[in-house]
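Enquirer: The structure under discussion is supplied below as structure tokens; questions concerning it will follow.
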Amino acid sequence: MKVLKFGGTSVGSVESILSLKKIVEGENDDVIVVVSALGGITDKLIATSKLALGGDESYKAEFEFMQKRHYEMVDAIIDDEEKKSGLLHTIDRLFEELKSIYYGVYLIHDLSPKIQAAIVSYGERLSSHIVATLVNGAKRYNSLDFIKTIKKHGKNVLDSEVTADAVKETFRNRTQKSVVPGFISTDRNTGEITNLGRGGSDYTASIIAAALDAEVLEIWTDVDGFMTADPKVIHTAYTINELSYVEAMELCNFGAKVVYPPTIYPVCVKNIPIKVKNTFNPDSAGTTILSHVENDSKPIKGISSIKGTTLITVAGLSMVGVIGVNRRIFTALAENGISVFMVSQASSENSTSIGVRDVDAEEAVAVLNNEFSKEIRTGAMFPMHAESGLATVAIVGENMKHTPGVAGKLFGTLGRSGISVISCAQGASETNISFVVDGKSLYKALNVIHDSFFLSEYKVLNLFICGVGTVGGNLIGQIKSQYTELMEKQRLKLNVVGIASSHKAIFDHNGIDLDNYQALLKESAESDTQKLKNEIISMNTFNSVFVDCTASADVAALYQELLEHNVSVVAANKVAASGDYDSYLKLKETALRRGVKFLYETNVGAGLPILGTIKDLCNSGDKILKIEAVLSGTLNFIFNEISADVPFSETVRRAKEEGYSEPDPRIDLSGKDVIRKLVILTREAGYKVEQEDVEKNLFIPSGFFNGTVEEFWKNLPTLDAGFEKKREELQNEGKRWRFVAKMNHGKTSVSLEAVGQQHPFYMLEGSNNVVLLTTERYHEYPMQIKGYGAGAGVTAAGVFANIMSIANI
Ligand code: ADP
Ligand code: ASP
Ligand code: MG
Numbered sequence: 001m002k003v004l005k006f007g008g009t010s011v012g013s014v015e016s017i018l019s020l021k022k023i024v025e026g027e028n029d030d031v032i033v034v035v036s037a038l039g040g041i042t043d044k045l046i047a048t049s050k051l052a053l054g055g056d057e058s059y060k061a062e063f064e065f066m067q068k069r070h071y072e073m074v075d076a077i078i079d080d081e082e083k084k085s086g087l088l089h090t091i092d093r094l095f096e097e098l099k100s101i102y103y104g105v106y107l108i109h110d111l112s113p114k115i116q117a118a119i120v121s122y123g124e125r126l127s128s129h130i131v132a133t134l135v136n137g138a139k140r141y142n143s144l145d146f147i148k149t150i151k152k153h154g155k156n157v158l159d160s161e162v163t164a165d166a167v168k169e170t171f172r173n174r175t176q177k178s179v180v181p182g183f184i185s186t187d188r189n190t191g192e193i194t195n196l197g198r199g200g201s202d203y204t205a206s207i208i209a210a211a212l213d214a215e216v217l218e219i220w221t222d223v224d225g226f227m228t229a230d231p232k233v234i235h236t237a238y239t240i241n242e243l244s245y246v247e248a249m250e251l252c253n254f255g256a257k258v259v260y261p262p263t264i265y266p267v268c269v270k271n272i273p274i275k276v277k278n279t280f281n282p283d284s285a286g287t288t289i290l291s292h293v294e295n296d297s298k299p300i301k302g303i304s305s306i307k308g309t310t311l312i313t314v315a316g317l318s319m320v321g322v323i324g325v326n327r328r329i330f331t332a333l334a335e336n337g338i339s340v341f342m343v344s345q346a347s348s349e350n351s352t353s354i355g356v357r358d359v360d361a362e363e364a365v366a367v368l369n370n371e372f373s374k375e376i377r378t379g380a381m382f383p384m385h386a387e388s389g390l391a392t393v394a395i396v397g398e399n400m401k402h403t404p405g406v407a408g409k410l411f412g413t414l415g416r417s418g419i420s421v422i423s424c425a426q427g428a429s430e431t432n433i434s435f436v437v438d439g440k441s442l443y444k445a446l447n448v449i450h451d452s453f454f455l456s457e458y459k460v461l462n463l464f465i466c467g468v469g470t471v472g473g474n475l476i477g478q479i480k481s482q483y484t485e486l487m488e489k490q491r492l493k494l495n496v497v498g499i500a501s502s503h504k505a506i507f508d509h510n511g512i513d514l515d516n517y518q519a520l521l522k523e524s525a526e527s528d529t530q531k532l533k534n535e536i537i538s539m540n541t542f543n544s545v546f547v548d549c550t551a552s553a554d555v556a557a558l559y560q561e562l563l564e565h566n567v568s569v570v571a572a573n574k575v576a577a578s579g580d581y582d583s584y585l586k587l588k589e590t591a592l593r594r595g596v597k598f599l600y601e602t603n604v605g606a607g608l609p610i611l612g613t614i615k616d617l618c619n620s621g622d623k624i625l626k627i628e629a630v631l632s633g634t635l636n637f638i639f640n641e642i643s644a645d646v647p648f649s650e651t652v653r654r655a656k657e658e659g660y661s662e663p664d665p666r667i668d669l670s671g672k673d674v675i676r677k678l679v680i681l682t683r684e685a686g687y688k689v690e691q692e693d694v695e696k697n698l699f700i701p702s703g704f705f706n707g708t709v710e711e712f713w714k715n716l717p718t719l720d721a722g723f724e725k726k727r728e729e730l731q732n733e734g735k736r737w738r739f740v741a742k743m744n745h746g747k748t749s750v751s752l753e754a755v756g757q758q759h760p761f762y763m764l765e766g767s768n769n770v771v772l773l774t775t776e777r778y779h780e781y782p783m784q785i786k787g788y789g790a791g792a793g794v795t796a797a798g799v800f801a802n803i804m805s806i807a808n809i
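In terms of UniProt numbering, the sequence shown opens at residue 1 and continues consecutively.
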């Protein structure tokens with residue numbers, strides 16, 4: 001015999017209730033079907049009673065809405081006229097009763113818990129009649145007759161023994177499929193209507209399954225089973241095939257509402273497995289909950305959380321070593337029916353923190369202040385301190401106890417994400433580690449933990465891309481085209497959650513549609529760098545990376561604060577790494593301290609692996625002694641293009657048209673761009689340098705850089721004749737021009753040099769870059785890195801590589 005429970009959504013729509021019919025009628029075994037109220041009806045019943053209580057006439061409209069929903073459902077699913085009229089007769093009667101109760105509440109402005117319980121019972125009473133009529137050959141049993149409660153500490157709790165006997169008695173001679181309303185019960189002594197608490201239909205089903213020694217308890221709901229986390233919060237959560245009773249209990253107790261917590265115990269005692277299945281997808285295997293899971297290697301099975309936590313701290317110097325303080329805390333709270341779901345006490349014993357729900361907080365504080373009033377008066381203890389608006393998270397898995405390092409990984413992950421843990425607890429059974437964080441960090445905490453413990457699905461990196469010009473645009477294109485491949489092969493999801501142009505910005509937690517971002521940007525509101533930064537910080541996303549594809553100093557000025565908020569920075573923009581040395585150092589230190597990354601590989605040589613190589617050499621104990629480099633793709637292009645037919649000014653124009661130069665080519669021609677790169681290289685090599693320290697031997701008179709860009713373009717041809725003369729001389733000597741950047745033991749210079757055919761810089765085509773590194777190890781033959789050093793495609797690819805290196809940590 002099986003017990004099948006169908007939740008609110010499973011009886012909430014025509015589609016789902018017909019699926020229920022198919023599932024139940026398809027069972028060869030004899031089954032007992034427990035049903036919830038139609039989805040959302042319990043909430044509506046309660047809300048309507050509040051309206052009536054307040055004398056608000058609109059309760060009538062709400063009542064009629066509920067009526068209509070039930071009648072429409074009956075119309076849509078029951079064809080047999082005779083059955084239908086019998087059912088409608090019952091439903092009419094129930095609604096008549098309910099109407100009278102509401103009217104009474106409306107008239108006398110009173111809503112006792114007793115009346116409230118009577119009102120909510122109508123949801124399951126109605127739905128069970130509907131399902132019993134719908135399922136061929138089914139008979140309805142009334143749980144008000146056999147699920148019995150008693151009152152304890154002002155709460156209705158199950159009377160297990162009386163109920164078990166009554167269930168056995170009720171179903172003794174059952175011969176056909178049975179339908180039972182979940183959730184509702186009656187007081188054993190008074191006969192008044194009570195219930196098993198919100199979500200209690202699961203419990204009804206479990207009680208029946210245990211009393212009748214069912215072979216299985218099936219919980220049919222709206223998701224594919226028990227999942228690694230709530231799929232409504234964690235989009236990457238996935239179904240767990242098997243869970244132990246202990247694991248399921250821990251997860252349910254901490255907010256996994258897929259199974260109501262008291263449900264597990266009655267079937268666990270009888271060793272009856274629970275299956276969690278999806279009414280909307282009956283073919284999926286679902287989850288089996290049983291006493292022992294074989295071949296289970298994962299240390300963590302799931303994550304769950306409770307919002308609305310208050311942490312109450314009981315503290316005082318007199319508590320140290322005093323026996324009995326904890327007994328008094330828990331006795332006082334228990335006597336007042338307040339449940340504590342987390343306790344943490346440091347071994348110094350001068351404070352105990354207890355986690356209660358926000359709704360219980362005020363009463364808990366009053367109870368404890370009263371309990372310790374004498375000690376508080378004498379100053380031996382402090383008045384209770386309560387911090388509300390927090391959230392509790394639990395990670396659960398029986399295998400944790402065999403796996404060292406789980407707590408380390410957990411708290412390391414939270415720390416790297418800038419989430420501070422307010423309190424934590426782990427029981428000696430080692431199946432659950434719970435911790436309390438600020439409620440605002442809950443979403444982020446759940447996501448980073450899920451990411452770090454459940455990599456078997458995929459890891460998510462949340463990207464904010466600033467700048468949609470040639471590099472940014474190319475990068476977005478590359479992300480789009482690699483998206484599926486990375487998901488499938490690397491289990492990595494590159495989620496672009498923000499895109500900003502110079503005046504606009506768009507954001508979407510779930511990922512921006514990259515096919516459509518330009519249109520979305522156009523339609524979006526005006527933005528600026530400060531707004532952008534504030535939005536990124538307030539979104540508080542996990543694994544966040546800010547990607548700067550601009551050349552803007554204002555954008556570079558955001559890095560420090562972003563890193564402080566645990567957002568990694570990948571910059572194609574050179575301003576920060578080449579700017580003031582102390583600020584640069586602070587950025588690097590901040591990234592290190594916060595456990596995030598500040599990467600700018602493309603600042604020198606675009607996609608060429610130059611900075612990373614220098615870093616690797618230094619990390620392995622090598623020392624960079626000298627650097628000689630051609631670092632400007634633009635200048636190299638210009639000096640390769642210049643000929644008797646193509647004058648200097650024309651080569652500059654071509655460099656701009658081909659997209660090699662900076663948007664303002666004066667940055668290249670003034671040597672500024674090369675100086676910035678040299679400064680960055682030198683710093684990476686371990687020397688302190690500022691741009692002003694670089695010795696400059698320039699080839700264009702400084703007067704050319706003073707006016708506007710238009711004047712610059714206008715005046716440029718006046719240099720052509722001089723260049724042509726020198727070019728001819730050079731050609732005759734068999735030499736070529738190269739704009740060379742040098743570093744020698746920390747001393748830096750840039751100059752235009754003529755190199756002969758034997759020089760390694762002589763053969764350097766197009767816009768290529770070359771870097772020669774002389775180190776203690778690469779001494780006689782310097783290391784040479786050479787290749788495309790400019791262009792949006794290779795730069796974007798270098799940025800992409802930096803992003804991927806963050807994904808792989
Ligand atoms: P029913 O109405 O069928 O009783 P509930 O709404 O009570 O359904 O429970 C199902 C919901 O529980 C899911 O829709 C899901 O959002 C939520 N949930 C929370 N944690 C989990 C989890 N770990 N696995 C599956 N669902 C979960
Ligand atoms: N209908 C009740 C509720 O919404 C019981 C249940 O669905 O399990 O809480
Ligand atoms: Mg439920």
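Glycine residues also receive a C-beta, built at the ideal position from the N, C-alpha and C atoms.
Might you give, ordered along the chain, the residues of its own chain that have their beta carbon closer than 8 Å to the beta carbon of K449, omitting 5 neighbours on each side?
Expert: The question names Lys, yet the displayed sequence has Ile at residue 449. Excluding residues within five positions, the ones whose Cβ falls inside 8 Å are I303, V393, I395, L410, T413, L414.
Enquirer: Jot down the residue ranges of each uninterrupted alpha helix (DSSP H) in the segment 613-664, minimum 4 residues, whole runs only, in chain order.
Expert: Entirely contained in the segment 613-664, the alpha helix (DSSP H) runs reaching 4 residues are, in chain order, 633-641, 648-657.
Enquirer: So what does DSSP say about S291, is it helix, strand or coil?
Expert: Coil.
Enquirer: Please find out if some non-hydrogen atom of the ligand ASP comes closer than 7 Å to the beta-carbon of G199.
Expert: Under cutoff, so the answer is yes.
Enquirer: In three-state terms, what does DSSP make of M342?
Expert: Three-state result, M342: strand.
Enquirer: Measure the C-alpha to C-alpha separation of E371 and Y203 and round it to an integer number of angstroms.
Expert: Taking the straight line joining both Cα atoms gives about 35 Å.
Enquirer: Helix, strand or coil: how does DSSP classify P181 here?
Expert: Here P181 sits in strand by DSSP.
Enquirer: Would you call the CB atoms of V750 and G671 closer than 8 Å?
Expert: Against a cut-off of 8 Å, the Cβ pair of G671 and V750 comes out as a contact.
Enquirer: Strictly by DSSP, which residues pair up with W737?
Expert: A754, per the DSSP bridge assignment.
Enquirer: Using 8 Å as the threshold, is the segment 429-441 in touch with the segment 461-475, meaning 3 or more CB pairs across them?
Expert: Short answer: they don't touch.
Enquirer: When DSSP builds the beta bridges, which residues end up paired with H385?
Expert: Paired residues: T313.
Enquirer: Thinking just about the alpha-carbon of each residue, which of I675, F637, R683 is nearest to the one in S661?
Expert: Ranking I675, F637, R683 by Cα distance to S661 puts F637 first.
Enquirer: Can G412 be considered in contact with the ligand MG, in the sense that its beta carbon sits closer than 7 Å to one or more heavy atoms?
Expert: Every heavy atom of the ligand MG is 7 Å or more from the Cβ of G412, so no.
Enquirer: I'd like to confirm something about V246: is its beta-carbon nearer than 7 Å to some heavy atom of the ligand ADP, or not?
Expert: Not so, every heavy atom of the ligand ADP lies at least 7 Å from the Cβ.
Enquirer: Can you list, in chain order, the residues of its chain with a C-beta nearer than 7 Å to that of S16? Leave out the 5 residues immediately preceding and following it.
Expert: If we look at S16 and ignore the five residues flanking it on each side, its Cβ neighbours are T9, S10, T279, F280.
Enquirer: Mind the definition here: the segment 702-719 touches the segment 663-678 only if three or more C-beta pairs lie below 8 Å; say whether that holds.
Expert: As far as the Cβ criterion goes, the segment 702-719 touches the segment 663-678, which means the pair count is three or higher.
Enquirer: Quick check: the Cα distance between Y122 and I23, rounded to an integer number of angstroms?
Expert: When rounded, the distance between both Cα atoms is 25 Å.
Enquirer: Could you pull out every residue in the same chain whose Cβ sits closer than 6 Å to the Cβ of A505, ignoring the five residues on either side in sequence?
Expert: So the qualifying residues of the chain are S527, L532.
Enquirer: So, at 8 Å on beta carbons, what are the nonlocal neighbours of I479 in its own chain, with the 5 sequence-adjacent residues on each side left out?
Expert: Closer than 8 Å at Cβ, skipping near neighbours: L463, L494, V496, L514, F800.
Enquirer: Give the single residue among S388, P299, V293 whose Cα lies nearest to the Cα of T313.
Expert: Checking every option, the nearest Cα to that of T313 belongs to S388.
Enquirer: Taking the straight line between their C-alpha atoms, what separation do you get for S481 and A797?
Expert: Those two C-alpha atoms are separated by around 12 Å.
Enquirer: For T221 versus V276, is the C-beta spacing smaller than 8 Å?
Expert: Cβ distance < 8 Å, so T221 and V276 count as in contact.
Enquirer: Return the Cβ separation of residue 817 and A606 in integer angstroms, given the expectation that the two are a contact with Cβ distance under 8 Å.
Expert: Given that the chain is displayed from residue 1 to residue 809, the structure contains no residue 817 and the question cannot be resolved.
Enquirer: How far does the alpha helix (DSSP H) with Q478 in it extend, from its first residue to its last?
Expert: Per DSSP, Q478 belongs to the alpha helix (DSSP H) from 470-485.
Enquirer: Distance check for P266 and I150, CA to CA, integer angstroms please.
Expert: Looking at the two C-alpha atoms, the distance is approximately 17 Å.
Enquirer: In the segment 664-739, which residue ranges form an unbroken alpha helix (DSSP H) of at least 4 residues, counting only runs that do not cross its ends?
Expert: For the segment 664-739, whole alpha helix (DSSP H) runs of length 4 or above, ordered along the chain, are 666-669, 672-684, 709-715, 720-733.
Enquirer: In chain order, what residues of the same chain have a beta carbon less than 6 Å from the beta carbon of N189, not counting five sequence neighbours either side?
Expert: Same-chain partners within the cutoff: there are none.
Enquirer: Have a look at V437, M804, G473 and flag the residue whose alpha-carbon is nearest the alpha-carbon of L521.
Expert: Among V437, M804, G473, the Cα nearest to that of L521 is on G473.
Enquirer: Quick check: the Cα distance between F542 and S417, rounded to an integer number of angstroms?
Expert: F542 and S417: Cα-Cα distance of roughly 6 Å.
Enquirer: Rounded to whole angstroms, what's the CA-CA distance from A386 to S178? Just pull it up for me.
Expert: Approximately 49 Å, taken between the alpha carbons.
Enquirer: Report yes if the CB atom of E124 is closer than 8 Å to the CB atom of I184, and no otherwise.
Expert: Contact flag set, yes.
Enquirer: Where in the segment 528-578 do unbroken runs of the alpha helix (DSSP H), each at least 4 residues long, occur, reported from the N-terminal end onward?
Expert: Runs found: 529-539, 553-556, 559-564, 575-578.
Enquirer: Only counting runs of 3 or more residues, tell me where the beta strand (DSSP E) segments fall wholly within the segment 121-203, in order along the chain.
Expert: If we require 3 residues or more, the beta strand (DSSP E) runs fully inside the segment 121-203 come out as 148-152, 155-158, 178-181, 184-187, 193-195.
Enquirer: Can you give me the Cβ contacts of M66 inside the same chain, cut-off strictly under 6 Å, excluding the 5 residues immediately before and after it?
Expert: K44, listed in sequence order.
Enquirer: Taking 7 Å as the cut-off, does the CB of Y265 come closer than this to any heavy atom belonging to the ligand MG?
Expert: False, no ligand heavy atom lies under 7 Å from that Cβ.
Enquirer: I'd like the ranges of any alpha helix (DSSP H) spanning at least 4 consecutive residues and lying wholly in the segment 254-308.
Expert: Those alpha helix (DSSP H) runs which fall completely within the segment 254-308 and span 4+ residues are 264-269.
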